[in-house]
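Residue numbers for the sequence shown follow the numbering used here, so the first one is 324 and each next one is one higher. Beta carbons: idealized from backbone N, C-alpha and C, even for Gly. Let me begin by presenting the structure, written as structure tokens, before commenting on it.
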Amino acid sequence: MKKLFALALVIALMAGGAQAQKRDNRKSGKTIPSSMVDGKGNKTFGNSVKAPEIRQLPEPVIGMDMPFKMALEQRRTIRTIREDELPIDLISSLLWSAYGINRAEESRRVVPSAVNVQEFDVYLFDRQGVYLYDAQKKALIMVAEGDYRKVISSQPFFEKAPVSIVLVANYDRMKIFKDKSVRDFYAAVDCGYISQNIYLFSASAKLATVACGGINHDELGKLLRITNGKAMLAHPVGFAEE
Ligand SMILES: Cc1cc2nc3c(=O)[nH]c(=O)nc-3n(C[C@H](O)[C@H](O)[C@H](O)COP(=O)(O)O)c2cc1C
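As structure tokens, this is what we get:
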């Protein structure tokens, strides 16, 4: 009888420990986005123990010194993009110009958005993987490992450009707009601001870019696990061919 009681006590203690572990995990906030996939499209995070790779970006300070009038004069579409890698400092400035936070105390951005819903998710594609830009932390969070640049579009500059930015409207953040046509309209307008900032930064930093609406919406939707939203526009970015 005593042995039976001891066994029951051990089982009860073990169950309690497991519950406490679960509570601790919730408290630490270590939830991993379910959208994370490996180079073959398999889910590697969420149910598995592998943690997402996070790349801290340097402060965005370079490439933004061109006088505004000159940047407007220089803004143009350039499709002849070299394969050479872009330095991480330039990538950091590019992402900050596109969608960075310029008023940290209010979490407001360099671009406006209707009713400040900030519905865009900005992804960076490079030879190593696909990353979500975390503007708050100035970091890149890997969401897929591997070279997916060709998935964006069959237009040839995506294969060559060392990085491409994909702008995804997340309609979960637009529920305030009841009408789908209103959501579509505001998402398109907000997308334009980001795209123009990418153009102006590229002019200032003497980089080549092109706004592209001709992208593989469905394949991007699958890769980025877009459930309520749309990949709207993509920008390959790199040094221009001479
Ligand atoms: C919404 C939008 C979608 C575009 N889609 C493409 C595209 O899929 N492929 C492409 O080569 N250029 C695309 N462009 C670039 C335009 O062709 C280019 O901006 C236009 O010819 C004017 O040239 P500029 O930007 O040098 O003034 C797009 C531009 C915009 C604004």
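Can you find the residues in the same chain that come closer than 8 Å, C-beta to C-beta, to residue i, ignoring five residues on each side of it along the sequence?
i      : result
LEU413 : ILE385, GLY386, ALA528, LEU530
ASP347 : At ASP347, the pLDDT of 31 sits below 50, so the modelled position is not reliable and the matter cannot be decided from this model.
Identify every residue that forms a DSSP beta bridge with residue i.
i      : result
LYS285 : No information on residue 285 is available, as it lies outside the stretch 324 to 565 that the chain covers here.
ILE377 : ILE464
PRO559 : SER487
Within 10 angstroms of the Cβ of residue i, are there 16 or more other Cβ atoms? Answer buried if so, exposed if not.
i      : result
PRO618 : Here the chain comprises residues numbered 324 to 565, so residue 618 is not present and cannot be evaluated.
VAL491 : buried
ILE377 : exposed
PRO410 : exposed
LYS350 : A caution first: LYS350 carries a pLDDT of 30, below 50, which makes its placement in the model unreliable, though a value can still be read off. Its Cβ having fewer than 16 others within 10 Å, LYS350 is exposed.
Using C-beta distances below 7 Å, list every residue in its chain close to residue i, excluding the 5 sequence neighbours before and after it, in chain order.
i      : result
ARG506 : TYR494, MET497, PHE500
TYR516 : VAL434, PRO435
GLY537 : SER476, GLN478
ASN539 : VAL474, ILE475, SER476
PHE480 : ARG402, ILE404, VAL533, PRO559
Spatial neighbours of residue i within its chain, please: C-beta separation below 6 Å, excluding the five flanking residues on both sides.
i      : result
LEU543 : ALA554
GLY415 : Position check: residue 415 holds Ser in this sequence, whereas Gly was assumed. Contacts found: LEU380, PRO381, PRO383.
MET465 : PRO375, GLU376, GLY452, TYR454
ALA394 : LEU523, ALA526, SER527
GLN509 : Before going further, note that residue 509 is Tyr rather than Gln in the sequence given. Hits under 6 Å: ALA437.
LEU418 : TYR456
> Quick one: any contact between the stretch 474-485 and the stretch 513-528, if contact means 3 or more CB pairs under 8 Å?
Replying inline: Between the stretch 474-485 and the stretch 513-528 there are fewer than three inter-stretch CB-CB distances shorter than 8 Å, so the stretches are not counted as touching.
> Can you find at least 3 beta carbon pairs, one from the stretch 486-499 and one from the stretch 440-447, that sit closer than 8 Å?
Replying inline: Yes, they touch.
> Could you give the uninterrupted runs of the beta strand (DSSP E) lying entirely in the stretch 389-449, keeping only those of 3 residues or more?
Replying inline: DSSP runs (the beta strand (DSSP E)) wholly in the stretch 389-449: 424-426, 443-448.
> Fully enclosed by the stretch 477-534, which alpha helix (DSSP H) runs are 4 residues long or longer?
Replying inline: DSSP runs (the alpha helix (DSSP H)) wholly in the stretch 477-534: 480-483, 503-527.
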